[in-house]
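Below you'll find the structure, written out as structure tokens, and then a few comments.
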Amino acid sequence: MTDSKYFTTTKKGEIFELKAELNSDKKEKKKEAVKKVIASMTVGKDVSALFPDVVNCMQTDNLELKKLVYLYLMNYAKSQPDMAIMAVNTFVKDCEDPNPLIRALAVRTMGCIRVDKITEYLCEPLRKCLKDEDPYVRKTAAVCVAKLHDINAQLVEDQGFLDTLKDLISDSNPMVVANAVAALSEIAESHPNSNLLDLNPQSINKLLTALNECTEWGQIFILDCLANYTPRDDRESQSICERVTPRLSHANSAVVLSAVKVLMKFMEMLPKDLDYYGTLLKKLAPPLVTLLSAEPELQYVALRNINLIVQKRPEILKHEMKVFFVKYNDPIYVKLEKLDIMIRLASQANIAQVLAELKEYATEVDVDFVRKAVRAIGRCAIKVEQSAERCVSTLLDLIQTKVNYVVQEAIVVIKDIFRKYPNKYESVIATLCENLDSLDEPEARAAMIWIVGEYAERIDNADELLESFLEGFHDESTQVQLQLLTAIVKLFLKKPTETQELVQQVLSLATQDSDNPDLRDRGYIYWRLLSTDPVAAKEVVLAEKPLISEETDLIEPTLLEELICHIGTLASVYHKPPSAFVEGSRGVMHKRLPARTGSGEGTECPDVGNAAGGSAPEAAPSIIPSQGDLLGDLLNLDLAPPTTTGPTPSTSGMQMGGMDLLGGGLDSLMDESEPPHVPLQTDPPQSPSPQPPSPVYTHTDYTYTDYSHTDSPPDHSSTEHSPPAELGGDIGGSPAMGAGFGAAPTVMPASLNAPVGGGLGDLFDLGGGVGMPMGAYIPPKTVWLPAMKAKGLEISGTFARRAGVIQMELVLTNKAMSVMTDFAIQFNRNSFGLAPAGPLQVLTPLGPNQTIEVSLPLSTVGPVMKMDPLNNLQVAVKNNIDVFYFSCQYPISMLFVEDGKMERQVFLATWKDIPNDNESQFQIQDCHLNSEAASNKLQGSNIFTIAKRTVEGQDMLYMSIKLSNGIWVLAELKVQAGNPNYTISLKCRAPEVSQCVFQCYEAVLKN
Amino acid sequence: MIGGLFIYNHKGEVLISRVYRDDIGRNAVDAFRVNVIHARQQVRSPVTNIARTSFFHVKRSNIWLAAVTKQNVNAAMVFEFLYKMCDVMASYFGKISEENIKNNFVLIYELLDEILDFGYPQNSETGSLKTFITQQGIKGQTKEEQSQITSQVTGQIGWRREGIKYRRNELFLDVLESVNLLMSPQGQVLSAHVSGRVVMKSYLSGMPECKFGMNDKIIIDKAGKGGVTNEAGKSTSGKQSIAIDDCTFNQCVRLSKFDSERSISFIPPDGEYELMRYRTTKDIILPFRVIPLVREVGRTKLEVKVVIKSNFKPSLLAQKIEVRIPTPLNTSGVQVICMKGKAKYKASENAIVWKIKRMAGMKESQISAEIELLPTNDKKKWARPPISMNFEVPFAPSGLKVRYLKVFESKLNYSDHDVIKWVRYIGRSGIYETRC
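Protein chains in written order, with UniProt numbering: chain P, 1 to 1007; chain S, 1 to 436.
Following this line, the structure appears as structure tokens:
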């Protein structure tokens, strides 16, 4: 019997012929005709015109023919809804057929016909079939509920099919149970908050029993469903694990992987000191290794999953390095994945073997694979210090092969090795420079340029080398352009005499001839830095770079957790959360690993439970760039202080100054020849002076004049853009620094600030009614560092002044899965010299999901630098995982010292003494305190009332404040009875603090 | 779940197209053809995402099978299903070829309707499928027959039907192993493992309960400890037992029993099936050792000498030995001398293929070749692919031995002794490579 002839009917007029055949009286001829129709349908011809004729063949007792007609119906019913109705009667009749196979066939097919009118008729037969005596019909009906739900969810709910489906979970037949579980899981996915599956210990027990009995596919459905459950405590978790482990010996890899998923998830809840925990870890390795002898496609899926498992629990496979060695005939996708895992498993113990293998791979044919192998050698060097030397020599050998892409790849990784081990392998630079001409890929060129710039002092002809790149500047990719710009600036700072022209050239290329904003911005920053303060420029550009970390390409922990919950699925293959590739509501839920809970405390953590069960409508954790990307940014920027790791600062107010600068600043710098001497180094001491405000510090600094004529004249009602030099003098900072940073607007871009503290305004708005009435005002805690930006470490906090001591009150929460230790904290220079007065007292390691509150006493004797806003504080927190940066804003009121009450005479004299220009007026609205209460309240925050005067029903309060650095602020508060709006005038020699002081008033009075 | 399943020929023409889900449109068929089958580059992944639609594919000879989905499906399951689909088709109509698929397209649609429902794989055991998907029509069945079919398809023992009768109860056990090796040029074993399969053909009446025993170290150690003479137990286990790294079983095996007692008990399917797979890495007998020697004489000549040594009992004979020595792409001519067997340079495969029909244990043989090279200005050195080997030996390189296979059928009147049992061991080369 050959059916292939049906594929060859390509004549014209065939539809007409088919029509005749379909209506033939002979059964055989009819069947033949339907086959031809199906064949045409398969190859994509439109045979919908035959709809009525095909449907006419439906009434037959020949099952084969019936199935063919059904197949046709499923395809075309949607386009011919009116005619499809003709089939309904047959369906309904078939659902009553004595033969269970026919009953099932009818209900199965009906569910696939997506026509509203038909679905209406489907309900009754489906209800019967769900309770059919034959398990084959029931298991088919169970899936049909899911089909119907996909067409009309409301109908399914209204008809009560969901409850019937739930009942099927207790069915006596394992396959019915499995299909019911599959259907419910799918329906539950589109109702994230419904408790459809209602997993509880009893139902779990039923599922586990069915697991032993059903088909391999059913086992997968059940295991995937189990993975969504969160056991109440470790004992339940263990007992489920014990019943799932036998599945690891199943011949079906999908069963094995789904079992691995359940175990990996439930293991989280087991105490690590439990014997069973160790046993389980041991049991996981062999089946994972066995997956590698499956067919290549499955190997690929397995390897992608192993990659996740190795990141989550490296101990499982740490001794299994050899099985990941690449075989010559492995498909390329298997090879690449194996290589990835080899690098992850590389350690001191096995590095010799790994290197030997990698060297072997580097001579293979496939370009991608070879590149990856070369890159892997570099990563080994970074990961295992002992092997670094051998890796470098291996790389040099490879460079000698002169194979173009090998050389380029090697140079890229050598750059990383230089960063990891500074001053160790620079002897190879000469060899690298020989290959300069053969580099044609941007990444390699950029890496080489970085090396030349970084080691400019050791390379005699560094300027020539860089100059040669500069010729085709505009044809280079952005990556290379940026790197070239930085490298030349570095070179200039190292050898200023010979490279003036070069640097001018590159700056003008970057700023004037480029339309790339990043490049222009970076160009302007360098330009300005160089022209205003070469020493600062040196500090910034040639700063010590943070070491690069050992592990690269690690998946961010929250994403990793989610992916572990998706082991075996597409998400684990793509290494992306389902929401990244699934449309609509499905898969939007984020799954989490459960937290460890003891037997007793299980019920106390409903939040965790819900989250892990996937039913809590949580905010989706956004994916932060992987560490690799961040690292790339750091490298590109080459600016060490944390303040500059963000996106490039904006350049407002710079463009117009640019040209002048070149004429003035840069040239004057050149004239001074060797180590650029800058006046600011001889400035008065930088520590805040305890004396009453020093007179306005006026500089004859050449840089300052450049700025002031580009800025608008000082406007004292707003302190934001005051002349930098004045501020510098007042707060005792270095004027040039002040100028540099004051004019180059906030270095921390607004976009970074926003999520951290929400700005000062937010900080105070949040205060809603809490706080002590009489004590010093303490703003409520806000999240400074969200967990997703810091690999699971969340920091929130506030500032307080208690008994004359400024305290930073921090709440550290570990939202990652690993223990955090070795905490330390550092501040960047800030406006008031705030610095930690002691180490961060986190003595015990912070376990997963633990929170600790720490109070850090602060001193005000640290280095000073004007920040914008003034009360901005940039903080670096380190732990065993990484260093994290954030910025927060402190209420300036915590700097108000206790002896801030001025003598009345002094007050009067000072008030007069401060020029009127320095006075600023503000309105405090909606404040319902009388002057007495206000005064008391303010005193709690060290704002002292010196005198009170009543004029025409208006209370005038005169107050004084002294800041920790000795700046006095004098205030006049007008309170009119019955008017909720106060007027406040502030006078200060450093008027830029006024804005902050006003905000404090507002915050204190309103809380 | 699986949204659709397509089968294409090598040209990318659709032979079978079955869509299960509404979110998969007709354009998906074309998307796969254009982006994967007709892609210019070699396929870089068996999973492809095109416009938020994921395609899983496997290839059998020149036929492409592709499963499509828009959801986060269980990827391992999809591939397992595609393999299973191939097995089912093969058991119905033999080799998977364009010809066979076209000839059986109606059957394939019928199968696809049965084993995938709304994209969920259903029972796909050929044993039970063949009872009701026959292409003959099933109107002749009695009610009992029908319910027997449905209970088998959905039942606990879906792989065996009741009422099987044989006059002669007989079973055949094949222990098939493939031994894999990667060796350095200096003769150091870089990695070696055996992946083995126990394939069983059973012709047994009724619903027999079987128990399979082998020289698994864990069991023998356990028995040794429980036994009276502790030392005797040790001495036997030391020599004759093997450490199995991991094993997987046919779905008929009671996994929970294996997990708790490490005993392998099952009701076997009828006919041929794979009972278990296993993997060992310790104490592997490597049947052959390959000693390569490659010398570059100037830029245009290469001298190769390869010695193979057989390493097993002299009384045993290895068969179908084939050594494949890769040659550079710019080879212009080859001269070979070998003591035993036949050797030929195959230009199309870039290799010297040396074939020996039989070779006894503890023997040695040698081949030497001179390879002339065309001078090239290609900078890249020859990658020197490894020398690979194929062979077949009549023992299990892992050392696995079948200790017993007991058959119990309480309802019928035959006992374990009445069953005729045959055991055979075959060791084959898997990927058996030596770098040179």
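Idealized CB from N, CA, C, for every residue including glycine.
Review point. From Ser202 of chain S to Ser365 of chain S, what distance separates their C-alpha atoms?
Key: 41 Å
**Study point:** chain P within 9 Å of Asn169 of chain S, Cβ atoms only
**Key:** no
Check your understanding: Shortest alpha-carbon distance to Leu986 of chain P belongs to which of P:Ala106, P:Ile914, P:Ala977?
Key -> P:Ile914
Review point. Leaving out five residues before and five after Tyr300 of chain P in sequence, what residues of the same chain have Cβ atoms less than 7 Å from its Cβ?
Key: Tyr333, Val334, Glu337
Review point. What does Ala76 of chain S touch in chain P if you count any residue whose Cβ is under 7 Å from its own?
Key: Ser253, Ala254, Leu257, Leu298, Val301, Gly568
**Study point:** DSSP state of Ile449 of chain P mapped onto helix, strand, coil
**Key:** helix
Point to revise | Sequence-distant residues of its chain with Cβ nearer than 7 Å to Leu374 of chain S (five each side left out) | key: Asn330, Ser332
Review point. Pairing CB atoms from the stretch 340-349 of chain S with CB atoms from the stretch 399-415 of chain S, are three or more of them under 8 Å?
Key: no
**Study point:** Beta-carbon neighbours of residue 442 of chain S, restricted to chain P and to distances below 8 Å
**Key:** As displayed, chain S neither begins before 1 nor continues past 436, which places residue 442 of chain S out of reach and without an answer.
Check your understanding: Under 9 Å between C-beta atoms, does Gly472 of chain P make it to chain S?
Key -> no
Exercise for review: Under 8 Å between beta-carbons, which chain S residues line up against His250 of chain P? List them in chain order, please.
Suggested key: Thr248, Phe249, Gln251, Leu255
Exercise for review: Quick one: using the 10 Å Cβ neighbour count with 16 as the cut-off for buried, is Ser79 of chain P buried or exposed?
Suggested key: exposed
Point to revise | Start and end residues, alpha helix (DSSP H) containing His566 of chain P | key: Unbroken run through His566 of chain P: none, as it is neither H nor E.
Practice item. Give me the Cα-Cα distance between Ala1003 of chain P and Ala787 of chain P, rounded to the nearest whole angstrom. Key: 28 Å
**Study point:** Three or more C-beta pairs below 8 Å linking the stretch 282-293 of chain P and the stretch 118-128 of chain S
**Key:** no
**Study point:** Spatial distance of Arg52 of chain S from Gly4 of chain S (CA atoms)
**Key:** 15 Å
Review point. Where does the unbroken beta strand (DSSP E) through Gln841 of chain P begin, and where does it stop?
Key: Note, Gln841 of chain P: premise wrong, no beta strand (DSSP E); not H, not E.
Review point. Looking at Leu491 of chain P and Thr497 of chain P, is the spacing between their C-beta atoms short of 9 Å?
Key: no
Review point. Under a CB-based cut-off of 9 Å, is Lys322 of chain P close to chain S?
Key: yes
Check your understanding: When we look at the beta-carbon of Thr245 of chain P and count the other beta-carbons within 10 Å, is it buried (16 or more) or exposed?
Key -> buried
Review point. In three-state DSSP terms, what is Trp422 of chain S?
Key: strand
Check your understanding: Roughly how many whole angstroms lie between the Cα atoms of Val608 of chain P and Asn849 of chain P?
Key -> Residue placement at Val608 of chain P is poorly supported in this model, since its pLDDT is 38, which falls under 50; the coordinates are not used for a value here.
Check your understanding: Would DSSP call Arg44 of chain S helix, strand or coil?
Key -> coil
Practice item. Determine, using beta-carbon pairs with one atom in the stretch 259-277 of chain S and one in the stretch 189-199 of chain S, whether at least three such pairs fall under 8 Å. Key: yes
Review point. So, is the C-beta of Asn62 of chain S closer than 9 Å to a C-beta in chain P?
Key: no
Exercise for review: Whole angstroms is fine: what's the gap from Leu559 of chain P's alpha carbon to Leu281 of chain P's?
Suggested key: 22 Å
Review point. Taking 9 Å as the CB-CB cut-off, is Gly158 of chain S touching chain P?
Key: yes
Exercise for review: State buried or exposed for Pro287 of chain S, treating a residue as buried only when at least 16 other CB atoms are found within 10 Å of its CB.
Suggested key: buried
Review point. Whose CA, out of S:Met1, S:Tyr8, S:Gln41, lies closest to the CA of Gly44 of chain P?
Key: S:Tyr8
Review point. Nearest to Ile426 of chain S by alpha carbon, out of S:Lys301, S:Leu317, S:Glu170, S:Ile267?
Key: S:Leu317
Check your understanding: Got a sec: which bits of the stretch 276-293 of chain P sit with their beta carbon under 8 Å from any beta carbon on chain S, in order along the chain?
Key -> Pro286, Pro287, Val289, Thr290, Ser293
Review point. Looking at the unbroken beta strand (DSSP E) that takes in Thr945 of chain P, where does it start and where does it end?
Key: 944-951
Practice item. Would you kindly work out how many angstroms separate the C-alpha atoms of Ser855 of chain P and Asp246 of chain S, rounded to a whole number? Key: 53 Å
Exercise for review: Starting from the Cα of Asn871 of chain P, find the closest Cα among P:Ala824, P:Ile967, P:Leu810, P:Val997 and give me that residue.
Suggested key: P:Val997
Exercise for review: Could you tell me which of P:Asn814, P:Gln479, P:Asp513, P:Ile411 sits nearest to Ala595 of chain P, measuring between CA atoms?
Suggested key: P:Asn814
Point to revise | DSSP beta-bridge partners of Val304 of chain S | key: S:Val294, S:Ala369
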